[in-house]
Amino acid sequence: MSGKPYDNLNTYVADRAKHLISRKRDKRYQQGVRDLWHYLIAWSALSPCDRSREAKEIREKNE
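Each step along the sequence shown adds one to the number in the working numbering, with nothing skipped, and position 15 is -3.
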């Protein structure tokens, strides 16, 4: 971390994603970071019940 205080994990991840996007020139890398950030935003919007249900579905799919 850069010594900058962060209110929560979301602001830290947002700052890191912006930093990575600005530093890399590879478009595929930038798109991957954007996709990850959008997934994290969607995940944080889910209720805890929905999160556990989705996590269970992902685990079952990967078995």
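Glycine residues also receive a C-beta, built at the ideal position from the N, C-alpha and C atoms. Owing to the predicted nature of the structure, the values given are computational and were not obtained by experimental measurement.
Subject >> Length of the line joining the Cα atoms of I40 and S29 >> reply: It is roughly 16 Å from the alpha-carbon of I40 to the alpha-carbon of S29.
**OP:** Taking only the alpha-carbon atoms, compute the straight-line gap between W25 and S34 and give it to the nearest angstrom.
**Re:** 11 Å
Original post:
Which residue comes first and which comes last in the alpha helix (DSSP H) that contains L28?
Top reply: No alpha helix (DSSP H) holds L28; DSSP gives it neither H nor E.
Subject >> Cβ distance (whole Å) where V(-5) is taken to contact I3 below 8 Å >> reply: Not confirmed; about 12 Å, so no contact.
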